[in-house]
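Notes follow the structure.
2 protein chains.
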Amino acid sequence: MAGQPEIARALRQAGLRLTPQRYDVLAFLAGRRVHATADEIFQAVNRAHPRLSRATVYNTLRALVRGGLVRELAADGAAARFDARLERHHHFVCDACGGIEDVEWFELPPALRRRARSGGTVREIEVIFRGFCRRCAGAPRPGGVPGSYTATKQ
Amino acid sequence: MAGQPEIARALRQAGLRLTPQRYDVLAFLAGRRVHATADEIFQAVNRAHPRLSRATVYNTLRALVRGGLVRELAADGAAARFDARLERHHHFVCDACGGIEDVEWFELPPALRRRARSGGTVREIEVIFRGFCRRCAGAPRPGGVPGSYTATKQ
DNA sequence: GTATTTGCAAATCATTTGCATAAAC
DNA sequence: GTTTATGCAAATGATTTGCAAATAC
Chain A
1 MAGQPEIARA
11 LRQAGLRLTP
21 QRYDVLAFLA
31 GRRVHATADE
41 IFQAVNRAHP
51 RLSRATVYNT
61 LRALVRGGLV
71 RELAADGAAA
81 RFDARLERHH
91 HFVCDACGGI
101 EDVEWFELPP
111 ALRRRARSGG
121 TVREIEVIFR
131 GFCRRCAGAP
141 RPGGVPGSYT
151 ATKQ
Chain B
1 MAGQPEIARA
11 LRQAGLRLTP
21 QRYDVLAFLA
31 GRRVHATADE
41 IFQAVNRAHP
51 RLSRATVYNT
61 LRALVRGGLV
71 RELAADGAAA
81 RFDARLERHH
91 HFVCDACGGI
101 EDVEWFELPP
111 ALRRRARSGG
121 TVREIEVIFR
131 GFCRRCAGAP
141 RPGGVPGSYT
151 ATKQ
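As you go down the protein sequences, you meet chains A and B in turn. Sequential numbering of the first sequence, starting at 1, is according to our numbering. Sequential numbering of the second sequence, starting at 1, is according to our numbering.
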């Protein structure tokens, strides 16, 4: 997903009306490698489109997530991050800066995939690696340690 | 961790002063199988201890997490959940009700553990299973579908 | 033309902070 | 006696909601 027609098509396909706001939000996400917070998206799109409101960004994100075009990532305590990479992938979360990087998709061995014995149904399995990213590994911040509670905030 | 002296010992060991509030919060978490939100903890502890404030619950949780006695779990968009099970384990998150269940710990095969090639250091690897839990598998809610954005809220 | 979406402002929810008092060590 | 934690109330930050005007279909 990158070209203009593809973005429009993706929106239609998800059953969403094509508004300039939605187009811009999805285009922004599709052109990014790092995961953006709702506010970062607002700031960026707002530059080209000054009358955009935050509420619309949130509405749009909800619609996109619901339509399966975007994934939402919970970041311990911090603001949620959004990501338009639809190919499945795993994540690496930095304990120090809170940044999220993609990790190429791989399947868990079948024996492990059956480990969730809750009696329910499993739709997907995601692996989250935690540690210090390349940039933070060198100079970790004062409070940024394993617990990660303090790490992402303060 | 379950008996009274163990809880007190755990607090001391983490370098925390032993206050009734901290004791109660940790005891509550230690005696629970489901992961509780800060507010659920407040409600519960508040019954036995009516002058407890929410700020203290948050302060205590931060201290416990920092001291390594409690883990914090980010739940897509919703309030964070806390958990005093210290043995490593994975999680199952229900798309419909947002509930979180523990999945017994297992190691990823070494080949997969090396997949995070960010140049940084990896501290831990967690696996998150998503789907419908036993209770919701039978009767999923109106909006509660894969995206899980709407699922955890509304 | 009708159903949706937008933008705005106000509302809500989770969490944090400042500060005087109280309790732990 | 000092240092740290508590409780309260007010502040902050993220996200949602109500509603009239604008827009997509």
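Glycine included, C-beta positions come from ideal geometry on N, C-alpha and C.
What is the DSSP secondary structure of residue i, counted as helix, strand or coil?
i: residue 54 (chain B); result: helix
i: residue 14 (chain A); result: coil
i: residue 47 (chain B); result: helix
i: residue 32 (chain B); result: coil
With burial defined as no fewer than 16 other Cβ atoms inside 10 Å of the residue's Cβ, what is the status of residue i: buried or exposed?
i: residue 60 (chain A); result: buried
i: residue 150 (chain B); result: Bear in mind that the predicted position of residue 150 (chain B) carries a pLDDT of just 33, short of 50, making it unreliable; the figure below should be weighed with that in mind. Buried: at least 16 other Cβ atoms inside 10 Å.
i: residue 86 (chain B); result: exposed
i: residue 81 (chain B); result: buried
i: residue 34 (chain A); result: exposed
i: residue 22 (chain A); result: buried
i: residue 13 (chain B); result: exposed
Residue i and residue j: beta carbons closer than 7 Å?
i: residue 16 (chain B); j: residue 63 (chain B); result: yes
i: residue 68 (chain B); j: residue 131 (chain A); result: no
i: residue 44 (chain B); j: residue 57 (chain B); result: no
i: residue 24 (chain A); j: residue 49 (chain A); result: yes
i: residue 116 (chain B); j: residue 106 (chain A); result: no
i: residue 18 (chain A); j: residue 26 (chain A); result: no
i: residue 122 (chain A); j: residue 127 (chain B); result: no
How many Å lie between residue i and residue j at the Cα?
i: residue 55 (chain A); j: residue 124 (chain A); result: 30 Å
i: residue 134 (chain B); j: residue 101 (chain B); result: 11 Å
i: residue 5 (chain B); j: residue 89 (chain B); result: 25 Å
i: residue 155 (chain A); j: residue 36 (chain A); result: With chain A covering 1 to 154 only, the question about residue 155 (chain A) has no answer from this structure.
i: residue 108 (chain A); j: residue 20 (chain A); result: 40 Å
i: residue 103 (chain B); j: residue 72 (chain B); result: 16 Å
i: residue 31 (chain A); j: residue 91 (chain A); result: 18 Å
i: residue 65 (chain A); j: residue 41 (chain A); result: 15 Å
i: residue 7 (chain B); j: residue 111 (chain A); result: 36 Å
**OP:** Only counting runs of 3 or more residues, tell me where the beta strand (DSSP E) segments fall wholly within the stretch 56-124 of chain A, in order along the chain.
**Re:** 71-73, 81-83, 89-94, 100-104
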